[in-house]
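Chemist: Position in the sequence shown (from 1) plus 2 gives the number in the working numbering.
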Amino acid sequence: MTNDFFSDYLVASLRLATPLAFAALGGMYSERSGVLNIALEGMLLTGAFTSASATFYTHNPWIGIFAALISGAMVGLLHAFLCVSLYVNQLVSGLAINLVAAGLTSFLARLAFDSSSTQRLVGIEPIIIPGLANLPLLGTLLFQQNIFVYLLFILVILSTYILFHTSFGLTLRAVGEYPKAAETSGISVQRVRYLAVVFGGCLVSLGGAYLSLVQVRYFAEGMSAGKGFIAIAALIFGRWHPYGSAFACFLFGATEALQLRIQALGVNVPYQFLVMLPYAIALFALVSNKTKSTPPAALGAPYFQHHRELK
Numbered sequence: 003m004t005n006d007f008f009s010d011y012l013v014a015s016l017r018l019a020t021p022l023a024f025a026a027l028g029g030m031y032s033e034r035s036g037v038l039n040i041a042l043e044g045m046l047l048t049g050a051f052t053s054a055s056a057t058f059y060t061h062n063p064w065i066g067i068f069a070a071l072i073s074g075a076m077v078g079l080l081h082a083f084l085c086v087s088l089y090v091n092q093l094v095s096g097l098a099i100n101l102v103a104a105g106l107t108s109f110l111a112r113l114a115f116d117s118s119s120t121q122r123l124v125g126i127e128p129i130i131i132p133g134l135a136n137l138p139l140l141g142t143l144l145f146q147q148n149i150f151v152y153l154l155f156i157l158v159i160l161s162t163y164i165l166f167h168t169s170f171g172l173t174l175r176a177v178g179e180y181p182k183a184a185e186t187s188g189i190s191v192q193r194v195r196y197l198a199v200v201f202g203g204c205l206v207s208l209g210g211a212y213l214s215l216v217q218v219r220y221f222a223e224g225m226s227a228g229k230g231f232i233a234i235a236a237l238i239f240g241r242w243h244p245y246g247s248a249f250a251c252f253l254f255g256a257t258e259a260l261q262l263r264i265q266a267l268g269v270n271v272p273y274q275f276l277v278m279l280p281y282a283i284a285l286f287a288l289v290s291n292k293t294k295s296t297p298p299a300a301l302g303a304p305y306f307q308h309h310r311e312l313k
């Protein structure tokens, strides 16, 4: 019974950490290029709504995933246009996208689903790997998962390789650290930042699609519930590294799974305190890690081409 409880707890932790990890990876690409991305919450909501609505009307979750990717790319393109081309304050742009996404998805959800919003969507079923799925503990945790979890593992490993072992990764880090030197060497700072923010938006939207197609199988207003901000905390705690950010997301997922189990056990603690536990852990992680986590040097600063200095 103890092994089953521990196995179920790890599976729940991974399930809750998956949307956080997609959002953190997307934010990592954007912020490694020097574009602050506070819009992760809005991107998660947009991905959740578009995947849910496309799946609801087509009864095909793969079309829903494709719709989420398109919407994530569009939101990323909007954020890049505001920050990179129009030099809008990156914090303001991200907060504005969050507010617009929250209001727009709530309004459109009432139009798209109407009274049918309680119907469950066609979800993504787990892919069971024969042989490995029967391994004790690891089989249930790693080899009986859905396509999102397998893709997340691949993306974490691939992103680490791209970031630190390829010329594109070197270019991305150079643009985020010292864009003037990058432009001097012939790199288009604007192009790299556009690519990073748009690709990051696609990754974040996958986290939203996971919420609506796997975790709950319906869309609810504000269903991201602050996960985008926790992903930002995980990104900082993980020092803008794929492995570190993924580990931080699993830590926060494990904390949320723990508070859900404490509530289920009927412990005499006000549930409001348990609900705020993941956010308290995120705040504690940020405070305890403030001297060790160094962001990209050009993060949040607009870059004017042709060596024009910011006044």
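Even glycine gets a Cβ: it sits at the ideal position worked out from N, Cα and C.
1. Please classify MET30 as buried or exposed, where buried requires at least 16 neighbouring CB atoms within 10 angstroms.
2. Find out if the Cβ-Cβ distance for the pair ALA75, GLY209 is shorter than 8 angstroms.
3. Can you tell me whether LEU92 is buried or exposed? The criterion is at least 16 other CB atoms within 10 Å of its CB, across all chains shown.
4. Tell me, please, which residues DSSP counts as bridged to ALA146.
5. Can you find the residues in the same chain that come closer than 6 angstroms, C-beta to C-beta, to ASN148, ignoring five residues on each side of it along the sequence?
6. Could you give the first and the last residue of the continuous alpha helix (DSSP H) run that contains ARG175?
7. If GLY255 and SER9 are in contact, beta carbons under 8 angstroms, what's the gap, nearest whole angstrom?
8. Within 10 angstroms of its Cβ, does ASN100 collect 16 or more other Cβ (buried), or is it exposed?
9. Helix, strand or coil: how does DSSP classify TRP242 here?
10. Tell me whether MET278 is buried or exposed, calling it buried when 16 or more other Cβ atoms sit within 10 Å of its Cβ.
11. Closer than 6 angstroms by C-beta to ALA56: which residues in its own chain qualify, once you throw out the five before and the five after it? Chain order, please.
12. Is the distance from the Cβ of ALA50 to the Cβ of PHE221 below 8 angstroms?
13. Rounded to whole angstroms, what is the Cα-Cα separation between ILE72 and CYS204?
14. Can you tell which of SER53, PRO138, PRO304 has its C-alpha closest to the C-alpha of ASP6?
15. Could you pull out every unbroken beta strand (DSSP E) segment of at least 3 residues lying fully inside the segment 179-258, listed in chain order?
16. For the pair the segment 30-47 and the segment 235-242, tell me if three or more CB-CB distances fall below 8 angstroms.
17. Does the separation of the CB atoms of LYS229 and LEU46 fall below 8 angstroms?
18. Comparing C-alpha positions only, which one of PHE306, PHE231, SER35 sits nearest to ALA282?
19. Could you pull out every residue in the same chain whose Cβ sits closer than 6 angstroms to the Cβ of GLY302, ignoring the five residues on either side in sequence?
20. What is the DSSP secondary structure of LEU93, reduced to helix, strand or coil?
21. CB-CB under 6 angstroms to PRO304, same chain, minus the five flanking residues each way: which ones, in chain order?
22. For ALA198 versus SER95, is the C-beta distance shorter than 8 angstroms?
23. Quick one: does the C-beta of SER226 sit closer than 7 angstroms to a heavy atom of the ligand FMN?
24. Have a look at THR162, VAL218, ALA287, SER207 and flag the residue whose alpha-carbon is nearest the alpha-carbon of ARG17.
25. Return yes when the Cβ of SER214 is within less than 8 angstroms of the Cβ of ALA54, no when it is not.
26. Just the Cα atoms here: how many angstroms apart are ALA259 and ALA111?
27. Between ALA233, ALA266, PRO297, which has its C-alpha nearest GLU43's C-alpha?
Modeler: Taking the definition as stated:
1. On the sequence shown, residue 30 is found 28 positions in, with the first residue counted as 1. Burial call: buried.
2. By one-based count along the sequence shown, residue 75 stands at place 73. By one-based count along the sequence shown, residue 209 stands at place 207. Result no, Cβ atoms of ALA75 and GLY209 do not sit closer than 8 angstroms.
3. By 1-based counting over the sequence shown, the position of residue 92 is 90. Inspection of the sequence shows that residue 92 is occupied by Gln rather than by Leu. Buried, by the Cβ-count rule.
4. Taking the sequence shown and counting its residues from 1, the one referred to as residue 146 is at position 144. Here the sequence assigns Gln to residue 146, which means Ala is not the residue at that position. Paired residue(s): ILE130.
5. What you label residue 148 is simply residue 146 of the sequence shown in a count that begins at 1. Taken in chain order, the residues that qualify are ILE126, PRO128, VAL216.
6. In the sequence shown, the residue the question calls residue 175 occupies position 173. Boundaries of the alpha helix (DSSP H) harbouring ARG175: 169-179, taken from the DSSP string.
7. On the sequence shown, residue 255 is found 253 positions in, with the first residue counted as 1. On the sequence shown, residue 9 is found 7 positions in, with the first residue counted as 1. Actually they do not touch by this definition, with Cβ atoms about 15 angstroms apart.
8. Position 98 of the sequence shown, counted from the first residue, corresponds to residue 100. Classification for ASN100: buried.
9. Counted from its first residue, the sequence shown places residue 242 at position 240. Reduced to three states, the DSSP call for TRP242 is coil.
10. If you number the sequence shown from 1, residue 278 lands on position 276. The residue is exposed, with fewer than 16 neighbouring Cβ atoms inside 10 Å.
11. Within the sequence shown, the letter at position 54 stands for residue 56. Answer for ALA56: ILE65, GLY66, ALA69, listed in chain order.
12. Against the sequence shown, residue 50 aligns to sequence position 48. Against the sequence shown, residue 221 aligns to sequence position 219. Yes.
13. The count along the sequence shown starts at 1 and reaches residue 72 at position 70. The count along the sequence shown starts at 1 and reaches residue 204 at position 202. If you take the alpha carbons of ILE72 and CYS204, they lie about 7 angstroms apart.
14. Indexing the sequence shown from 1 puts residue 6 at position 4. Comparing Cα positions, the closest option is PRO138.
15. none
16. yes
17. For the purposes of this step, residue 229 is taken as the residue at position 227 of the sequence shown. For the purposes of this step, residue 46 is taken as the residue at position 44 of the sequence shown. Cβ distance < 8 angstroms, so LYS229 and LEU46 count as in contact.
18. Indexing the sequence shown from 1 puts residue 282 at position 280. Here the closest residue by C-alpha is PHE231.
19. For the purposes of this step, residue 302 is taken as the residue at position 300 of the sequence shown. Closer than 6 angstroms at the Cβ level, and outside the excluded window around GLY302, lie LEU38, GLN92.
20. Position 91 of the sequence shown, counted from the start, is the residue given in the question as residue 93. Helix at LEU93.
21. Sequence index remark: in the sequence shown, residue 304 carries index 302 (1-based). Excluding residues within five positions, the ones whose Cβ falls inside 6 angstroms are TYR89.
22. Residue mapping note: residue 198 aligns to position 196 of the sequence shown, counting from 1. Residue mapping note: residue 95 aligns to position 93 of the sequence shown, counting from 1. Not in contact: ALA198 and SER95 (Cβ atoms no closer than 8 angstroms).
23. Among the components of this structure there are no ligands whatsoever, and the ligand FMN is therefore not found.
24. As a working note, residue 17 is residue 15 in the sequence shown. Closest by alpha carbon: VAL218.
25. Residue numbering aside, residue 54 sits at position 52 when the sequence shown is read from its first letter. Residue numbering aside, residue 214 sits at position 212 when the sequence shown is read from its first letter. Yes. Within cutoff.
26. Working through the sequence shown from its first residue, we reach residue 259 at position 257. Working through the sequence shown from its first residue, we reach residue 111 at position 109. Taking the straight line joining both Cα atoms gives about 28 angstroms.
27. To locate residue 43, count along the sequence shown from 1; it is residue 41. If we check each option's Cα against that of GLU43, ALA233 comes out closest.
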